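Protein chains in written order, with our numbering: chain G, 1 to 306; chain B, 1 to 361; chain X, 1 to 334.
Built from N, CA and C at the ideal position, the CB exists for glycine as well.
Computed from a predicted structure; not experimentally measured.
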Amino acid sequence: MRLNLMTRRRGFRGLSPQDEDSSLIDDERKEKRKIGFGFWVAIGWMVLVIMAALLAPILPIPDPDQTGAGGRLDAPNWDNWFGTDTNGRDMFSRTIWGSRVSLTVGFFAIVFGFAVGGPLGIVAGFFKGATDKFLSIIIFILFAFPGLVLALLIISLLGQTLAVVCLTVGVIGVAPIARLARAITISTAEREFVAASRILGSTNRRIMIREILPNVTIPMGALAFLGMALAIVGEGGLAFLGLSVEEGFSWGKMIVLGSASRTLQKAPWVSMFPIGVMFLTVMSLNYAGDRLRDFFDVREMGIGGG
Amino acid sequence: MTGPLVSIEDLHVSFLTEQGSVRAVDGVSFDLEPGKSIGIVGESGSGKSVTAKTLMNLLPSYAQVKGSMKFDGRDLRELARKKEKHFWGVEMTMIFQDPMTSLNPVKRVGEQIAESLRVHMNRSRREAMTEAGDLLEQVGIPEPGKRLRQYPHELSGGLRQRVVIAIALSCGPRLLIADEPTTALDVTVQKHILDLLDGLRKERGMSMILITHDLGVVKGRTDEIMVMYGGRTMEEASTSALFECDGLHPYTEALNATIPRIDTPSHTRLVPIPGKPPEVIGRIEGCPFAPRCRYSTSECLTEMPPLVEQEQGHFCACHNPVGTPEGIKAREANQNTGHTPAGLDMKEFEAFAVHTETGEI
Amino acid sequence: MGFILKRIAQMVAVIIAATFLAFTAMNSLGDPLFNVVGFHASVDCEAVLAGEIEDVSGQGGTDVGDCEVVEAAREKYHLNDPLPVRYVRWAGDVIQGDLGISFKNSMPVTTIIGNRIPKSIFLMVVAEIFALIIAVPAAIRAAYKANRVFDKSATVSSFGFISLPNFALGVILFYLFVVKWQIFPSRYEDDDLFSRLRSTVLPGMTLALPLAATYFRLLRTDLITTLQEDFVLMAKAKGLSDSWIMFRHVLRPSLFSLVTVFGLSTGGLIGGALVVEQIFVIPGLGRTFVEAVIRDDFPLVLGLVTIISSSFIAINFIVDIFYSVIDPRVSRET
């Protein structure tokens, strides 16, 4: 690493290799080896939220649809931790129940994206040649549609059920996931242990599953976190536009309900709490994904476009 | 003008890091007369490049400098503090090891030469370009007009280094510092570049500091040589004097012995100097080279030898220099015990000792 | 030159593929009659015409007479032709500027889009400008004095902005600046340039801030990397000033990632605009799109998808070409 002239570095990078043989440990590299305390805080938050979502039916919280759990538009108080909304429903409970939809979309969208995009990318990267070109073109075309536009197209055609929403958000994820899987596959396939395996007579399928797949999963894991964050945001956006699930409610729907001018004026908490919870969740996922990416030092990652 | 062009006295440079203070240059002094050249020789970590960068005000903000540096009577540290604008790059310039990375890949060659002229010498764009073309001719590049419009990656390594030299010379400096200018080049090209530097230097009456790890590069070229190790000056003499005796200092002797020669049979192994480079954090007791030196005595491990004038104009920092009574005695003592006071087995010196005057360990 | 032509050809190919995909989807899953008669029959017209269903009153506003019209239309507009043929015909119409008729008010789709597009484009352009104005100087400052106060705080806040969904940010900004502090108007006004700008500030910032955060991070990283390069050391050795070096040597090579993302960001911007237009009630393309989807206004939806995707593809290709022009190292092949 060069002597850095205009910036001061907190961790000493060692002097220029051409004149000093540095026996110092590179500070920043050491920093990346630990996954960090923040990572576990983020994971902790996620666990909390997921547990709350799963256990919602048995938690001692008021029924989210029950009006009159408090007065109308009550500010946060001891009875209603997050206050109440225009219909007097308890916000805290609604936030927890809303998370079920948001998290479900996030989770299944990613599952779908990986289930389709992963094999797509691996096969494309592994076989190269015509197969690759063909699949790459499909991936490329998927990239041609801006995310939300594609989502709107699909929803307009297939309706607004939970399954469709999951599918939609998932489809948007297929392209970036496939692209990453392909890139990793290509670089992995050139390594020695794959050649070794081939010499030993493994079939293509076997190689793909036993050699390539494990190498692909790790960076994909990091991408999964980031992807889930985006999926939750995506669902929120759709909900905001009134295009998410018709029945039930999610964080996005709650935010939009609370964002009418008058509601904001009198009771900003109606949308602010869902915003806050969503923000913390998305940030945790982003941070965790980031840390994982640094930790495993994956370079080719990037989630393109909207 | 009278007096030396460059005068460095007791220069200490260290870097503040989280692990502590890293000593890069530990008490270096030398003078350079106008029109003369000096070669600074040392391995990685010897402090030679840092010395150069200190002169050129290219150190990062966490560097600490002590001592005095004067150029033509002007205090360089003052100039740096005042952020003098038209000094570096004009009176004193530097070229680096790798010409590919020294040049901005997205800018045309001509532009990069013309830049200094426009900034420092107030030339217009057109004037600067014309002069740039002249400079290219001076450094021996054919078809200068065509080259001006090319990008660095379109030129070969040797041509690129010539361009770098042209840039350095553009404002007519009185001192040129060349840090390993040929290390990144093909062997055949190396000689051309070094000859070019020599020629230009003599033409312009320029002083030059040539930094290298390879004694062979400075042999017969520079007027003087300074050998550095562990941030200190180990030996300083005129080039002729140094090579006459193959070096007074054990380190110089070792360097000399390890130069691959054209007449060694092929497939002969390269000879390393036994031991490993010195630690850079914290203080070192005694001579930094002692752990690797076959002439060392216990005194060497505790007392830093001062730079002493052994003969007329020939300085050496060693308790037991090569060829002196102390040196001979020390070596014999080590031969008897079978190892140096630092614990290095004398047998390790077998490989290189054959190339020295002593012929054996 | 040949390179550019090749790129344009590729671009056209992708646009064709994408629109074909959209057209097929809409025609298979939507109702192919839309492009023609402007309504979709919720009644099984075939059955009606075949005499199998008698009483059609109260069923989506069709009767036997209408069904005859529908059948005639089917014949006249070649709706019984295979899909690719219909596509070609449709594409032909599109090139001539005909995107069909909207269900809602029977206005040509092109007119509707034409009315709304300027507002959306204005919004997106303003957002990009804001984003660049914020991100570029901040990145330069942060890279110049890396790891010091400014850099650290900027990096942390940029992470926050990336994690905050744009609708959430929009609601927050709306709450603070319109509801609470009443600095900006709650309605979109564009009587003159000034009020238009005023109304665009908040939605523009909503889109710009997350974008700026991304730009900032990318540019900062690239600047720091470039600052490590040897030619920067060389430039310093030439005695050039820090600002000269930064702006004339370091900035340009570091812009490449930014330029790439710039193209891709348009997609996110389009999506973001959809949302922002809802919050700030801007009568732009986004709102139109959402309404069209909710109302199942197929011609409008297809028209919008076509226009938006084509623009997006075109922008990315332009960025591509631009990229290869400004970096002399990129070979002009592929």
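Residue from the options whose Cα sits closest to the Cα of residue i
i	options	result
Phe71(B)	Lys82(B), Ser7(B), Val13(B), Gly20(B)	Ser7(B)
Tyr62(B)	Thr17(B), Ile40(B), Asp26(B)	Thr17(B)
Val14(X)	Trp251(G), Trp78(G), Phe140(G), Ile110(G)	Phe140(G)
Ile113(B)	His12(B), Val163(B), Arg174(B), Ile193(B)	Val163(B)
Thr221(X)	Val179(X), Gly170(X), Pro210(X), Asn147(X)	Asn147(X)
Ala239(G)	Ala229(G), Met228(G), Ile255(G)	Ile255(G)
Ala25(X)	Pro210(X), Phe194(X), Pro84(X), Gly170(X)	Pro84(X)
Thr183(B)	Met208(B), His267(B), Gln161(B), Ala166(B)	Gln161(B)
Gly440(B)	Leu255(B), Met228(B), Ser266(B), Gln312(B)	The structure shown has nothing for residue 440(B), since chain B only spans 1 to 361.
Gly343(B)	Gly275(B), Ala330(B), Glu127(B)	Gly275(B)
Leu197(X)	Gly114(X), Val125(X), Pro82(X), Ala273(X)	Val125(X)
Ile154(G)	Ile315(X), Asn27(X), Val319(X)	Asn27(X)
Met69(B)	Gln150(B), Leu59(B), Lys82(B), Leu55(B)	Leu55(B)
Ala213(X)	Gly204(X), Ala168(X), Ala131(X)	Ala131(X)
Gly271(X)	Val270(G), Phe273(G), Leu230(G)	Leu230(G)
Neighbour-count burial assignment, residue i, 16 or more Cβ in a 10 Å radius
i	result
Lys119(X)	buried
Lys66(B)	exposed
Ile183(X)	exposed
Asp192(X)	exposed
Ile335(X)	There is no way to answer for residue 335(X), as the model of chain X reaches only from 1 to 334.
Ile224(X)	buried
Pro260(B)	exposed
Asp10(B)	exposed
Ala52(B)	buried
Glu247(G)	exposed
Thr212(B)	buried
His153(B)	exposed
Ser46(B)	buried
Arg217(X)	buried
Contacts that residue i makes with chain G (C-beta to C-beta distance below 7 Å)
i	result
Tyr175(X)	Leu264, Pro268
Cβ-Cβ separation, residue j to residue i (assumed contact under 8 Å), whole Å
i	j	result
Thr340(B)	Arg294(B)	6 Å
Leu148(G)	Val293(X)	Actually they do not touch by this definition, with Cβ atoms about 11 Å apart.
Leu135(G)	Leu120(G)	6 Å
Phe249(G)	Arg94(G)	7 Å
Pro219(G)	Ile184(G)	6 Å
Glu253(B)	Thr239(B)	Going by Cβ atoms, the distance from Glu253(B) to Thr239(B) rounds to 16 Å, so no, they are not a contact pair.
Contacts of residue i in chain B (Cβ-Cβ under 8 Å)
i	result
Asp190(X)	None at all; the shortest Cβ gap to chain B is about 42 Å.
Within chain B, partners of residue i - CB distance below 7 Å
i	result
Arg252(X)	Val106
Asp222(X)	Per Cβ cutoff of 7 Å: no residues; Asp222(X) is ~13 Å from chain B at best.
Ser257(X)	Going along chain B, no residue has its Cβ under 7 Å from Ser257(X), so there is no contact; the nearest lies around 14 Å.
Glu229(X)	Thr101
Spatial neighbours of residue i in its chain, beta-carbon cut-off 7 Å, leaving aside the 5 residues before and after
i	result
Leu280(G)	Trp45
Ile144(X)	Note that residue 144(X) is Tyr in the sequence shown here, rather than Ile. Only Met246 meet the Cβ criterion.
Ile321(X)	Ile4, Arg7
Phe335(X)	The requested residue 335(X) does not occur in the structure, where chain X is confined to residues 1 to 334.
Phe20(X)	Tyr87
Val305(X)	Ala22
Thr161(G)	Val245
Where residue i meets chain X, residues with beta-carbon distance less than 8 Å
i	result
Leu292(G)	The contacting residues do not exist; Leu292(G) stays about 15 Å from chain X at best.
Leu58(B)	Leu233, Lys236, Ala237
Leu180(G)	The contacting residues do not exist; Leu180(G) stays about 15 Å from chain X at best.
Chain X residues whose Cβ lies nearer than 9 Å to that of residue i
i	result
Leu155(B)	By Cβ distance, chain X contributes nothing, its closest Cβ being about 13 Å from Leu155(B), past 9 Å.
Met283(G)	Phe159, Gly160, Ile162, Ser163, Leu164
Thr93(B)	Ala237, Lys238, Gly239
Phe295(G)	Those within 9 Å of Phe295(G) in chain X number zero; the least Cβ separation is about 17 Å.
His86(B)	Gly239
Neighbourhood of residue i by C-beta, 6 Å cutoff - its chain only, sequence neighbours within 5 removed
i	result
Ala222(G)	Gly289, Leu292, Arg293
Closer than 9 Å at the beta carbon, the chain G residues around residue i
i	result
Met26(X)	Leu153, Ser156, Leu157
Closer than 8 Å at the beta carbon, the chain G residues around residue i
i	result
Ile16(X)	Those do not exist, as Ile16(X) stays about 10 Å from chain G at its closest Cβ, beyond 8 Å.
Ser309(X)	Ala144, Phe145, Pro146, Val149
Mind listing which residues of the stretch 108-133 of chain B have their C-beta closer than 8 Å to chain D's C-betas, in chain order?
Absent from the structure: chain D. Protein chains present are G, B and X.
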